[in-house]
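Quick note: the sequence shown, position 5, residue 5 per the working numbering, numbers continuous.
The beta carbon of each residue, even a glycine, is placed where N, CA and C say it ideally should be.
Take a look at the structure set out below.
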Amino acid sequence: MGEKYDVSNVLISEQQLKDRVDELGAQITLDYYGKDLFLIGILKGSVPFMADLMRRIDLPLEMDFMSVSSYGSATKSSGVVQIIKDLDSDIKGKDVLIVEDVIDTGLTLAYLKEYLQSRGPASVKLITMLDKPSGRKVDIKSDYVGFEVPDKFIVGYGLDVDQKFRNLPYISWVK
Ligand code: IMP
Ligand code: MG
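Okay, here's the thing in structure tokens:
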């Protein structure tokens, strides 16, 4: 499988991911104590991060997934966002935390944040496992960041190239 790509160059190890998720979970547990936390994972890239993070948050939270597609080539997004799968439940009055794999241009999240805000939640914040600040095309900041990464194409822990390698337990450069 995958002879086309070399994914053996570990950028963030499985242990580093685990340790950071523990820290983020503890921080969110403190920050959202007494609130109505509602996690929204963005399919499909957020799946491993969401699954790990939610188990490190010691609060009675709710969760759901959304699926969006942003048009463009395999490695560049265009900013046009289409909602493929919307939420199953109401977020009115809830404290929404959007869970993403990576923020690059920020176009997807800028759109989503506004879209969710229009549904009357108490708050909307963002958490991303990875942040590529140098790729930004719109002014959007994540409230929680796992790791800052350089503007290179990476895979693993949810991130894909040609829909492959989402299952890598670590994050690798793609060569
Ligand atoms: P943006 O912030 O709107 O540019 O979109 C970010 C989305 O682009 C992520 O949710 C990923 O699906 C994808 N993406 C951005 N950078 C990478 C990468 O290095 N590897 C794999 N997918 C990426
Ligand atoms: Mg994504």
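Inter-residue CB distance, residue i and residue j (contact presumed, cutoff 8 Å)
i	j	result
Val-68	Val-80	The pair is not a contact, with the Cβ atoms about 10 Å apart (cut-off 8 Å).
Asp-95	Ala-122	5 Å
Gly-34	Arg-56	Gly-34 to Arg-56, Cβ: 18 Å. No contact.
Ile-140	Leu-109	6 Å
C-alpha distance - residue i paired with residue j, whole-angstrom precision
i	j	result
Lys-164	Asp-143	28 Å
Ile-12	Leu-87	31 Å
Asp-162	Ser-134	23 Å
Asp-19	Gly-146	10 Å
Leu-59	Thr-105	32 Å
Gln-117	Glu-3	43 Å
Lys-125	Thr-29	14 Å
Met-129	Asp-151	15 Å
Gly-93	Leu-43	23 Å
Leu-97	Leu-17	19 Å
Tyr-32	Tyr-5	41 Å
Asp-36	Ile-127	16 Å
Sequence-distant residues of its chain with Cβ nearer than 8 Å to residue i (five each side left out)
i	result
Asp-90	Arg-119
Phe-153	Thr-75, Val-161, Trp-173 and Val-174
Gly-45	Glu-100, Asp-101, Val-102, Gly-158, Leu-159, Asp-160 and Arg-166
Gln-27	Tyr-144
Lys-113	Ile-98, Val-124, Leu-126 and Ile-140
Close beta carbons around residue i, own chain, < 6 Å, minus the five adjacent residues each side
i	result
Gly-41	Met-50, Phe-65 and Val-99
Tyr-170	Val-10, Ser-13, Glu-14 and Gly-156
Glu-62	Phe-38
Pro-48	Tyr-157 and Gly-158
Tyr-111	Val-81
Tyr-115	none
Same chain, Cβ closer than 7 Å to residue i, neighbours up to 5 away in sequence not counted
i	result
Asp-22	Arg-56
Glu-148	Asp-131 and Pro-133
Leu-168	Val-7, Val-155, Gly-156 and Tyr-157
Leu-53	Val-21, Leu-24, Gly-25 and Val-99
CB contact check: residue i to chain D, cutoff 8 Å
i	result
Leu-112	Reference to chain D is not applicable here, since this structure consists of a single protein chain.
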